[in-house]
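Trainee:
Number of protein chains: 2
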Amino acid sequence: MSLVVVGSVAYDGVITPHGSVDRMLGGACTYISLAASYFTPVKIVGVVGTDFAEEDHQLLTDRNIDTDGLERADGLTFFWRGEYYENMNQRKTLQTDLNVFEHFNPKLPESYKDQPYLLLGNIQPALQKGVRAQMKGPKLTGGDTMNLWIDIARDELLATIAEWDVLVINDEEAYMLSGEKSIRKSAEKIIEMGPKTLIIKRGGDGAMLFRKDHYFVAPAYPLASLCDPTGAGDCFAGGFFGYLAGIGLDPAKDFDATELNRAVIYGSVMGSFCCERFGVERFRSLSRAEIDARYEEFRKITSF
Amino acid sequence: MSLVVVGSVAYDGVITPHGSVDRMLGGACTYISLAASYFTPVKIVGVVGTDFAEEDHQLLTDRNIDTDGLERADGLTFFWRGEYYENMNQRKTLQTDLNVFEHFNPKLPESYKDQPYLLLGNIQPALQKGVRAQMKGPKLTGGDTMNLWIDIARDELLATIAEWDVLVINDEEAYMLSGEKSIRKSAEKIIEMGPKTLIIKRGGDGAMLFRKDHYFVAPAYPLASLCDPTGAGDCFAGGFFGYLAGIGLDPAKDFDATELNRAVIYGSVMGSFCCERFGVERFRSLSRAEIDARYEEFRKITSF
Chain C
19 MSLVVVGSVA YDGVITPHGS VDRMLGGACT YISLAASYFT PVKIVGVVGT
69 DFAEEDHQLL TDRNIDTDGL ERADGLTFFW RGEYYENMNQ RKTLQTDLNV
119 FEHFNPKLPE SYKDQPYLLL GNIQPALQKG VRAQMKGPKL TGGDTMNLWI
169 DIARDELLAT IAEWDVLVIN DEEAYMLSGE KSIRKSAEKI IEMGPKTLII
219 KRGGDGAMLF RKDHYFVAPA YPLASLCDPT GAGDCFAGGF FGYLAGIGLD
269 PAKDFDATEL NRAVIYGSVM GSFCCERFGV ERFRSLSRAE IDARYEEFRK
319 ITSF
Chain R
19 MSLVVVGSVA YDGVITPHGS VDRMLGGACT YISLAASYFT PVKIVGVVGT
69 DFAEEDHQLL TDRNIDTDGL ERADGLTFFW RGEYYENMNQ RKTLQTDLNV
119 FEHFNPKLPE SYKDQPYLLL GNIQPALQKG VRAQMKGPKL TGGDTMNLWI
169 DIARDELLAT IAEWDVLVIN DEEAYMLSGE KSIRKSAEKI IEMGPKTLII
219 KRGGDGAMLF RKDHYFVAPA YPLASLCDPT GAGDCFAGGF FGYLAGIGLD
269 PAKDFDATEL NRAVIYGSVM GSFCCERFGV ERFRSLSRAE IDARYEEFRK
319 ITSF
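Protein chains in written order, with the working numbering: chain C, 19 to 322; chain R, 19 to 322.
#1: Which ranges would you report for the alpha helix (DSSP H) in the region 234 to 275 of chain C if only whole runs of at least 4 residues count?
#2: Check each candidate in Ala-91(R), Phe-316(R) and Gly-249(R) and name the one with the smallest Cα separation from Arg-300(R).
#3: If you pair each beta-carbon of the region 274 to 293 of chain R with each one of the region 221 to 237 of chain R, do three or more pairs fall below 8 Å?
#4: Output, in chain order, the set of chain R residues within a Cβ distance shorter than 7 Å of Val-235(C).
#5: Just to confirm, is the Cβ distance from Ala-54(C) to Leu-77(C) under 9 Å?
#6: Ignore the nearest five residues each way along the sequence and tell me which others in Ile-265(C)'s own chain have a CB closer than 7 Å to its CB.
#7: With DSSP as the reference, label Thr-34(C) as helix, strand or coil.
#8: Could you tell me the distance, in whole angstroms, from the CA atom of Asp-162(C) to the CA atom of Glu-73(C)?
#9: Does chain C have any CB closer than 9 Å to the CB of Lys-230(R)?
#10: Give me the DSSP bridge partner(s) of Tyr-284(C).
#11: Quick check on this structure: which residue in Cys-293(C), Glu-308(C) and Gly-260(C) has the alpha carbon closest to the alpha carbon of Met-19(C)?
#12: Looking at the unbroken alpha helix (DSSP H) that takes in Arg-302(R), where does it start and where does it end?
#13: Strictly under 9 Å for the Cβ-Cβ distance: is Arg-300(C) near chain R by that measure?
#14: First and last residue of the alpha helix (DSSP H) that includes Tyr-49(R)?
#15: Indicate whether Gly-93(R) and Asn-117(R) have their beta-carbon atoms separated by less than 9 Å.
#16: Under DSSP, the alpha helix (DSSP H) around Asp-189(R) begins and ends at which residues?
#17: Would you please verify whether the beta carbon of Asn-279(C) is less than 9 Å from any beta carbon of chain R?
#18: Among Val-60(R), Arg-220(R), Asp-246(R) and Asp-86(R), which one has its Cα closest to the Cα of Val-282(R)?
#19: To the nearest angstrom, report how far apart Arg-150(C) and Tyr-130(C) are at their CA atoms.
#20: How many whole angstroms separate the CB atoms of Asp-142(R) and Leu-126(R), which I take to be in contact at a CB cut-off of 8 Å?
#21: Where does Pro-237(R) land, buried or exposed, given buried means 16+ other C-beta within 10 angstroms?
#22: By the three-class DSSP mapping on this structure, what secondary structure does Lys-157(R) have?
#23: Between the Cα of Gly-148(C) and those of Gly-25(C), Val-287(C) and Ser-321(C), spot the shortest distance and give me the residue it belongs to.
#24: Beta carbon of Ile-62(R), beta carbon of Cys-47(R): below 9 Å?
#25: Give me the Cα-Cα distance between Lys-157(R) and Ser-200(R), rounded to the nearest whole angstrom.
#26: Using the C-alpha atoms, what's the distance from Asn-82(C) back to Arg-295(R)?
#27: With a cut-off of 8 Å, do at least 3 Cβ pairs link the region 210 to 225 of chain R to the region 304 to 321 of chain C?
#28: From the beta carbon of Lys-203(R), is the nearest beta carbon of chain A less than 9 Å away?
#29: What residues in the region 75 to 92 of chain R have a beta carbon less than 8 Å from any beta carbon of chain C?
#30: Check whether the Cβ of Glu-308(C) lies closer than 9 Å to any Cβ atom in chain R.
#31: Please state whether DSSP places Gly-87(R) in a helix, a strand or coil.
#32: Do we get a CB-CB distance below 9 Å when we pair Ser-243(C) with the residues of chain R?
#33: Note the first and the last residue of the continuous beta strand (DSSP E) segment covering Glu-104(C).
#34: Provide the residue span of the alpha helix (DSSP H) that contains Lys-203(C), from first to last.
#35: Whose C-beta lies closer than 7 Å to the C-beta of Arg-109(C) among residues of the same chain, with five residues either side of it excluded?
#36: Looking only at its chain, what residues have a beta carbon closer than 7 Å to the beta carbon of Ala-180(C), apart from the 5 residues adjacent to it on each side?
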């Protein structure tokens, strides 16, 4: 049983204080699916252009990611370019060419529709809602969004996340969505909007999980050196959902708080590996054994 | 056996996004000693002016803090006024009147000199060194410093912290002292400077403990609402050292990593309570039972 992942597949250019790359594979769908693929079978839905390189397609299939839902359209692949500030917790966008992504209208292959797990990367909320409607009632639906949709498509976004089990956003988005200034108050308000579980990503400061009667706080894994944070939040989501799909979590039964907490840690672990190299480079060599070793290290450095 | 605490006793004025107070009891020595007093007997060394209010003195003695080393000098008590920015993680100083603190030359009462635990709040490094020299070889010496001394008294500071078991600083100070940009690399360099244990405080983002062969990462306790962060870092140090003194930690024997980790959590707990009210207000009602309950909650929200 697979995790269906929907989102952008892109080429990125990044400038960091440590170096820059003009063009590399990126996009939320790419990062999420690579990270999740260590835990569960993954099927992706996205769109690329005629410039999409065979070796990049190969990277996905090498990780057993089902690309039947990856549409190839006339035109160029979505391109994004950004620059990180000194502290690497913030960045500015220098260029966004939507290209074939502008008219992305995700259509699920038949083989995807009865899968139990669905993770909706950040795309227009109405499209996210439409994807879920194509599924035959997934057991667990989760997704991400961004400040743009909170700002210009708030009603659509609210209607969309009302159907989700898990919403994954960052702290700035949580403040914006809730109108509150403290994380705990934001979480209370957002859980009232529908998602039973809220994950708040805080970049280099860790992540938090909130439910009505449970919450969990994880620090970030302290990397010796941070190369490129692009995709780390998506890898977090991929690790989190991948782990839950891998253990076959069934939210129709009672949620298991301990397994949710562990999923946060696996998410953090995947985000930390992502930052060690530019783009998706780290996933070319990363092994499940390395992931489990860092998970155990996480336990060791946080237990008291 | 007591913890000797040296540092500023002050009156503070603060402006926060939630309100302001013109004048309230403050100073590193005050916050440290109040926080530590829940775990161990405390003896303080500091200086106040003739304006120091009896009720403020009373607050300290009510918590069984020995004030024999609190000198009363002619003149006014140290006064500091600052304003917090919206996110409360940063502030600007509006006014600093050193007053009697300008010529503070700490002299330890005889009854202090054979105590086993010494915590040096942020004062001029040479004064910190002089205080330690007055002690008859404390079992455990720790201290704090600030960007000013790293900048203008680096050599004195290095000679001072070389004798310490524990250095407690914030992340900006760690970067400044080490010349590194990552926390782990900073920690490696600073441990080479002498302190066997380094604590890096990160405000609302938690704290980390580093030793040569051990490290520990704690998130901050997620407060529902943050009133005033003034003194939180000092309360962290007070909780950390107070706990270690309370259990009679003897660093001449092997350090106990688990107890050090627990001390970080007690430090975080004390810092979190401090932020709940302006200044030292929270310590007027805080009980050890509340502290232990939050410590247990910390375990619950970080275990996986």
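Backbone N, C-alpha and C define an ideal beta-carbon position, used for all residues, glycine too.
Mentor: On the basis of the coordinates in this document:
#1: Within the region 234 to 275 of chain C, the complete alpha helix (DSSP H) runs of at least 4 residues are 250 to 264.
#2: For Arg-300(R), the nearest C-alpha among the options comes from Gly-249(R).
#3: Because the criterion of three Cβ pairs below 8 Å is met, the region 274 to 293 of chain R and the region 221 to 237 of chain R touch.
#4: Within chain R, the residues near Val-235(C) are Pro-237, Pro-240, Ile-319 and Thr-320.
#5: Not closer than 9 Å, so no.
#6: For Ile-265(C), where only same-chain residues beyond five positions count, the Cβ hits under 7 Å are Glu-277.
#7: Three-state result, Thr-34(C): strand.
#8: Each residue's alpha carbon lies about 28 Å from the other.
#9: No, Lys-230(R) lies away from the interface with chain C (no Cβ there is under 9 Å from its Cβ).
#10: Paired residues: none, contrary to the question.
#11: Out of Cys-293(C), Glu-308(C) and Gly-260(C), Gly-260(C) has the C-alpha closest to the C-alpha of Met-19(C).
#12: Counting along the chain, Arg-302(R) sits inside no alpha helix (DSSP H), nor does DSSP assign it H or E at all.
#13: False, the Cβ-Cβ gap to chain R never drops below 9 Å.
#14: Annotation: the continuous alpha helix (DSSP H) that includes Tyr-49(R) extends over 46 to 54.
#15: Taking 9 Å as the cut-off, the beta carbon of Gly-93(R) is found closer than this to the beta carbon of Asn-117(R).
#16: Counting along the chain, the unbroken alpha helix (DSSP H) around Asp-189(R) starts and ends at 189 to 196.
#17: For Asn-279(C), the answer is yes, since a Cβ of chain R falls inside 9 Å of its Cβ.
#18: Comparing Cα-Cα distances from Val-282(R) to each of Val-60(R), Arg-220(R), Asp-246(R) and Asp-86(R), the minimum goes to Arg-220(R).
#19: If I take the Cα positions, the gap works out to 11 Å.
#20: Sequence inspection shows Gln at residue 142(R); the Asp mentioned does not correspond to that position. Not quite, the Cβ-Cβ distance comes to about 16 Å (not below 8 Å), so this is no contact.
#21: Pro-237(R) should be labelled buried.
#22: Coil, per DSSP.
#23: Nearest C-alpha to Gly-148(C): Gly-25(C).
#24: Between Ile-62(R) and Cys-47(R), the gap from beta carbon to beta carbon is short of 9 Å.
#25: Straight-line Cα distance between these residues: approximately 31 Å.
#26: Their Cα atoms are separated by approximately 54 Å.
#27: Contact between the region 210 to 225 of chain R and the region 304 to 321 of chain C is absent: fewer than three C-beta pairs spanning the two stretches fall below 8 Å.
#28: Checking the listed chains, one finds no chain A in this structure; the protein chains it contains are C and R.
#29: Considering only beta carbons, no part of the region 75 to 92 of chain R lies closer than 8 Å to chain C.
#30: For Glu-308(C), no CB of chain R lies under 9 Å from its own CB, so it is not counted at the interface with that chain.
#31: Strand, per DSSP.
#32: Yes, its Cβ sits closer than 9 Å to a Cβ of chain R.
#33: Unbroken run through Glu-104(C): none, as it is neither H nor E.
#34: Lys-203(C) -> alpha helix (DSSP H) spans 201 to 210.
#35: Spatial neighbours of Arg-109(C) in its own chain (CB-CB distance under 7 Å, excluding positions within 5 residues in sequence) are listed in chain order as Gly-100, Glu-101, Tyr-102 and Tyr-103.
#36: These residues qualify, in order along the chain: Met-211 and Gly-212.
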